[in-house]
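What follows is one structure encoded as structure tokens, with my remarks underneath.
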Amino acid sequence: MNTPLRRTAIAAIVLFAALFVNVNYVQFVQADSLRDNRHNRRVQLDRYAEERGEILAGDKRIVTNIETKSRYRFQRQYPSGPLYAHITGYNSLYYGRTGIEDEYDDVLAGEDESLFASRVSDFITGREPQGAAVRLTIRDSVQRVAAKELGDRRGAVVAIDPKSGAILAMVSTPTFDPQPITSLDQRKAAAGFDKAKDTPGNALVSKATADTAPPGSIFKVITAAAYLDKERKKPSDRIASPHRLDLPLTTNVLRNFGDSTCGGDNVTIEKALEVSCNTAFANMGLAVGPEALREQAERFGFNEPFDDFPLRTVRSVFPAGIDEPQTAYASIGQHDVRVTPLQMAMVAAAIGNSGVVMEPRVVDAVIGEDLQPIRGASPEVDRLKEQPAVTPEIAGMLTQMMETAVRTGSGQKAQIQGVRVAGKTGTAQNAAGKPPHAWFIGFAPADNPSVAICVFVEGGDAGGSTEATGGRVAAPIAKAVMEAALK
Amino acid sequence: MSAIAARLFGPPTRRRVELRLILLAVVISMAAYAALNLAQDAHLSTGLVGYGGSLAALFIAAHLAVRWLAPAADPLLLPLAALLNGLGLVVVRRIDYAYQERAEDAAQNAPQQLIWTAVAVVVFVGVLIAVRDHRALDRYRYTFMVVGLVLLLLPALPGIGRTINGARLWVRVGPMTVQPSEIAKLALIVFFASYLVAKREVLSLATRRILGLHLPRARDLGPVLLAWLASLAVLVRGKDLGTSLLFFGVFLVMLYISTERTSWLLIGVLLFASGAVVAYRLFGHVRVRFQTWIDPFADPQGDGFQLLQSLFGLATGGLLGTGLGRGRPAEVPYSRTDFIFSAIGEELGLVGVAAVLLIYLFIVARGMRTALGVRDEFGKLLAAGLSFSLALQVFVVVGGVTRLIPLTGLTLPFLSYGGSSLVANYALIALLLRISDSGRTPTAGPVTPAARSDDMTGEMTAIVSRGGVR
Numbered sequence: 004m005n006t007p008l009r010r011t012a013i014a015a016i017v018l019f020a021a022l023f024v025n026v027n028y029v030q031f032v033q034a035d036s037l038r039d040n041r042h043n044r045r046v047q048l049d050r051y052a053e054e055r056g057e058i059l060a061g062d063k064r065i066v067t068n069i070e071t072k073s074r075y076r077f078q079r080q081y082p083s084g085p086l087y088a089h090i091t092g093y094n095s096l097y098y099g100r101t102g103i104e105d106e107y108d109d110v111l112a113g114e115d116e117s118l119f120a121s122r123v124s125d126f127i128t129g130r131e132p133q134g135a136a137v138r139l140t141i142r143d144s145v146q147r148v149a150a151k152e153l154g155d156r157r158g159a160v161v162a163i164d165p166k167s168g169a170i171l172a173m174v175s176t177p178t179f180d181p182q183p184i185t186s187l188d189q190r191k192a193a194a195g196f197d198k199a200k201d202t203p204g205n206a207l208v209s210k211a212t213a214d215t216a217p218p219g220s221i222f223k224v225i226t227a228a229a230y231l232d233k234e235r236k237k238p239s240d241r242i243a244s245p246h247r248l249d250l251p252l253t254t255n256v257l258r259n260f261g262d263s264t265c266g267g268d269n270v271t272i273e274k275a276l277e278v279s280c281n282t283a284f285a286n287m288g289l290a291v292g293p294e295a296l297r298e299q300a301e302r303f304g305f306n307e308p309f310d311d312f313p314l315r316t317v318r319s320v321f322p323a324g325i326d327e328p329q330t331a332y333a334s335i336g337q338h339d340v341r342v343t344p345l346q347m348a349m350v351a352a353a354i355g356n357s358g359v360v361m362e363p364r365v366v367d368a369v370i371g372e373d374l375q376p377i378r379g380a381s382p383e384v385d386r387l388k389e390q391p392a393v394t395p396e397i398a399g400m401l402t403q404m405m406e407t408a409v410r411t412g413s414g415q416k417a418q419i420q421g422v423r424v425a426g427k428t429g430t431a432q433n434a435a436g437k438p439p440h441a442w443f444i445g446f447a448p449a450d451n452p453s454v455a456i457c458v459f460v461e462g463g464d465a466g467g468s469t470e471a472t473g474g475r476v477a478a479p480i481a482k483a484v485m486e487a488a489l490k
Numbered sequence: 027m028s029a030i031a032a033r034l035f036g037p038p039t040r041r042r043v044e045l046r047l048i049l050l051a052v053v054i055s056m057a058a059y060a061a062l063n064l065a066q067d068a069h070l071s072t073g074l075v076g077y078g079g080s081l082a083a084l085f086i087a088a089h090l091a092v093r094w095l096a097p098a099a100d101p102l103l104l105p106l107a108a109l110l111n112g113l114g115l116v117v118v119r120r121i122d123y124a125y126q127e128r129a130e131d132a133a134q135n136a137p138q139q140l141i142w143t144a145v146a147v148v149v150f151v152g153v154l155i156a157v158r159d160h161r162a163l164d165r166y167r168y169t170f171m172v173v174g175l176v177l178l179l180l181p182a183l184p185g186i187g188r189t190i191n192g193a194r195l196w197v198r199v200g201p202m203t204v205q206p207s208e209i210a211k212l213a214l215i216v217f218f219a220s221y222l223v224a225k226r227e228v229l230s231l232a233t234r235r236i237l238g239l240h241l242p243r244a245r246d247l248g249p250v251l252l253a254w255l256a257s258l259a260v261l262v263r264g265k266d267l268g269t270s271l272l273f274f275g276v277f278l279v280m281l282y283i284s285t286e287r288t289s290w291l292l293i294g295v296l297l298f299a300s301g302a303v304v305a306y307r308l309f310g311h312v313r314v315r316f317q318t319w320i321d322p323f324a325d326p327q328g329d330g331f332q333l334l335q336s337l338f339g340l341a342t343g344g345l346l347g348t349g350l351g352r353g354r355p356a357e358v359p360y361s362r363t364d365f366i367f368s369a370i371g372e373e374l375g376l377v378g379v380a381a382v383l384l385i386y387l388f389i390v391a392r393g394m395r396t397a398l399g400v401r402d403e404f405g406k407l408l409a410a411g412l413s414f415s416l417a418l419q420v421f422v423v424v425g426g427v428t429r430l431i432p433l434t435g436l437t438l439p440f441l442s443y444g445g446s447s448l449v450a451n452y453a454l455i456a457l458l459l460r461i462s463d464s465g466r467t468p469t470a471g472p473v474t475p476a477a478r479s480d481d482m483t484g485e486m487t488a489i490v491s492r493g494g495v496r
């Protein structure tokens, strides 16, 4: 009986060897991939066990934490509700992360390399570890005015400090409340997420950065810049401004808005911008050609991805290889020209900043518990280092013309008592039969701006009027937001 | 009186080794308890003294009983079991804490388990007293069969049977639920050993030789088929894959040992395979278990949940573990019982589970050594059956929670929370000690100097060097 006994003993050893090899496989070979698996709740539990860094707008704490009794110790709080939703994003157990919560996750969770020193000191002193806070460039007062002025209308407002590129306000409507999505209760989170997802108008996507629309007449400042530069013109030089412009190669006729005249068939460039004369700008575009227009747009930042910007941002597009009729339409911001409000705010800011385009910044600094910056977020840099978008002279000319447009032209509703405002309105044809988009870009004070702005109202106003011009709908919003920023 | 005193206090060196190892087991368990204490409360609690004291008292009592009742028995079996038991208590206590933290379940299972340990030690001593010679068990062959089958089928009876976690394995006795299959396991192994020794001549009779195999006569297939059917009955009625596999596997191995016929193993494996295929076709729960094993990520929140949580726990532990009290064992369902191995893997790491596996392997090796050492065939087969049942049970449980084989529900001997399992496994150790004592008593001639040595190395060498002698 001893031979089979020994064989059985060997069989038992083989069974144990198999177990041993297998635990090595699970706990050593596969360990990393299993540990980081998204179904492994330990990762989330560990994160929720520590206090996540707050997000501040200036001094105001816009994302905070409260301690709960559940096994997820900290619950994220968004006391401002929907106001900052597209900037901060959300940090949800069930729906992942978006916005600053995602892009600065390492910092907020205290895992970033730059926080190593503070981690070590926490360990030594026995202090509870905590993530670092992120301070935004947003000014809460400006943000609130922007949201209030947009109200129920769909659209976006972006206000920038032209000199630093710091974004002072960035609002997109419709918006959503990140609070329920971050609920630790899966059903509440699902309800919050579904509500945001099902809001008409794509509430989860920021119209300020992540969606494009045709710019219409606000693009004329770029056409004007190209024309003044290439043809060496001055605002007082004249340009053919017929009532209607027969386009080459086609039977199409380009008309002015409302089929109006431009106050003469040969107006000054300044006048053309003041009354937003389509035929005059089509002629300017045809004069410089599509390549020069595209080059000018690209010097403002078109066709360039926003790789360093922390929020999901699409690039604005000026198409290549277009023919003459298309060039005529592109000159007035139609055809396939598509922009984000952020890009157009940068155009206004660059003109106010002597032609220098600053890299947009939404994060001011990463700050520690002592409120001292651990590191500045993105430095203030010239977005296109090699050359400014326009020369200081042309920037001055554009500023002068935009001031006139606000003082006596289409942008009068953007006037601010005692402040020189430069601006340009836009009304962009949308799809046939749909109300056009209303736009406004501008900056103030015109001679030494501290704020540049872009206002976008999708499909005009809610009043049902098809004559939603940028001047009537967008300019008053811009005025209120710039006023708040100038305070 | 003096004879008893001499047996109690006379110094057989094997017993001295046992005592030292038991004290070592208590010290290791207390160290684990202290580590848990420090992780939970940042200071040592007075519970440490109570815990260490209780363990020391219980295990020393067991040791004295062995001294008295089985003085020549193997000195490693009891300390190894005690070490697993002590560690299991700490881990169960740790999981109590984990559930408390989640504020979901304030049950305190560790104190209950300590009481069960006391009961188990009483049963352990009781078995040593009642079974003065293991050969006496041979006489109650059919009593054990009836007891085993009744216990096995008891949970299936309406009224007293209880279904817990989908398996009908429990029986209600007053305020407690007991898992009679653990005790049935012992009774049936005794029966198998007795029956197979009696019938080994018939069963090893080969009549036909086909393809180099000695095939038994068709009518001798009866017992195998019976065991197979009983296993299937457990599977079908109790939905208990683990127990079914364990019984059939142990029976098969004992059949092989007694007959020395490989053909029995092949027939058994074929029967098992066909049973498995039929079960896969017929029963949803078997299919689910199998598919979950193949791809646990197919339904990570549903069918795959338990297994995935177990794997995540093990992976989180990695090489060295998170440290006792610093992991999240409550994330794994049933971490006090079937999945306790994952909790150990998470907090003590690969190093910890390797140690646990080694302890089991030592127990199995000492059991097999006992089988080789004893002279009577019944003792050999019984010791081998008991040892192999332990090995197979560990394999089925650990293999299941680490995804080596499909997951089945069984407890991990000495570690898992649960009284029936603990009591049955202490009884198993008592039986092994009884058999090894009889194998070592002087009638076998003088014990070699190596085995007399206090030195552990000498003891280990003895296993190896004398392995082939008897």
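Residue numbers (this note's numbering), protein chains in the order written: chain W, 4 to 490; chain C, 27 to 496. Where a beta carbon is used, it is the ideal one built from N, C-alpha and C, also for glycine.
Put residue i into one of helix, strand or coil per three-state DSSP.
i                 : result
Ser453 of chain W : coil
His89 of chain C  : helix
Phe320 of chain W : Reading off the sequence shown, one finds Val at residue 320 of chain W, where the question assumed Phe. Strand at Val320 of chain W.
Glu461 of chain W : coil
Ser464 of chain C : helix
Met4 of chain W   : coil
Ala477 of chain C : Confidence is the limiting factor: at Ala477 of chain C the pLDDT is only 41, short of 50, which leaves the residue's position unreliable and the question unanswerable from this model.
Leu161 of chain W : The question names Leu, but residue 161 of chain W is Val in the sequence shown. Strand, per DSSP.
Ile389 of chain C : helix
His12 of chain C  : Given a span of 27 to 496 for chain C in the structure shown, any question on residue 12 of chain C remains unanswerable.
Ser468 of chain W : Since pLDDT at Ser468 of chain W reaches only 48, below the 50 mark, its modelled position is unreliable, and no value is offered.
Glu54 of chain W  : strand
Arg401 of chain C : coil
Spatial neighbours of residue i within its chain, please: CB distance less than 7 Å, with the 5 preceding and 5 following residues excluded, ordered by chain position.
i                 : result
Ala144 of chain C : Leu84
Met394 of chain C : Ala410, Ser413
Asn255 of chain W : Pro328
Gln335 of chain C : Glu357, Val358, Pro359
Leu153 of chain W : Val160, Val174, Thr176, Ile480
Excluding the 5 residues flanking residue i on each side, which residues of the same chain have their C-beta closer than 6 Å to its C-beta?
i                 : result
Val151 of chain C : Ala91
Ala60 of chain W  : Leu139, Ile141, Asp143
Ser413 of chain W : Ser279, Thr428, Gly474
Gln299 of chain W : Ile225, Ala228, Ala229
Asp481 of chain C : Unreliable placement is indicated for Asp481 of chain C, whose pLDDT of 41 sits below 50; the coordinate value is still reported in the next sentence. Contacts found: none.
Asp180 of chain W : Gly84, Pro85
Ile444 of chain W : Ile221, Met347, Ala351, Lys427, Cys457
Could you please give me the residues that DSSP links to residue i through a beta bridge?
i                 : result
Leu139 of chain W : W:Ala60, W:Val366
Phe446 of chain W : W:Ala425, W:Ala455
Ser95 of chain W  : W:Gly99
Asn270 of chain W : The sequence given here places Val at residue 270 of chain W; Asn does not occur at that position. Paired residues: W:Ile242.
Gln80 of chain W  : W:Thr67
Thr176 of chain W : W:Gly158
Near residue i, what residues of its chain come up, given a Cβ to Cβ distance below 8 Å and the 5 sequence neighbours on each side ignored?
i                 : result
Asp268 of chain W : Ala243, Ser244, Pro245, His246
Ala213 of chain C : Phe170, Met171, Val173, Gly174, Leu177
Could you list the residues in the segment 24-46 of chain W with a C-beta less than 7 Å from some C-beta on chain C, going in chain order? Asn25, Val26, Asn27, Val29, Gln30, Phe31, Gln33, Ala34, Leu37, Arg38, Asn40, His42, Asn43, Arg44, Arg45
Mind pulling the alpha helix (DSSP H) runs of 4 or more residues that sit fully within the segment 323-374 of chain C? 331-343
The segment 46-66 of chain W: positions lying closer than 7 Å to chain C by Cβ: Leu48
Please list, in chain order, the residues of the segment 421-436 of chain C that have any C-beta partner in chain W closer than 8 Å. Phe421, Val424, Gly425, Thr428, Arg429, Leu430
Near-chain W residues of the segment 289-308 of chain C (beta-carbon distance less than 7 Å), N- to C-terminal order: Those would be none; no residue qualifies.
Please list the residues of the segment 131-153 of chain W that have a C-beta atom closer than 8 Å to any C-beta atom in chain C, keeping them in chain order. Shown here is that no member of the segment 131-153 of chain W has a Cβ falling below 8 Å from a Cβ of chain C.
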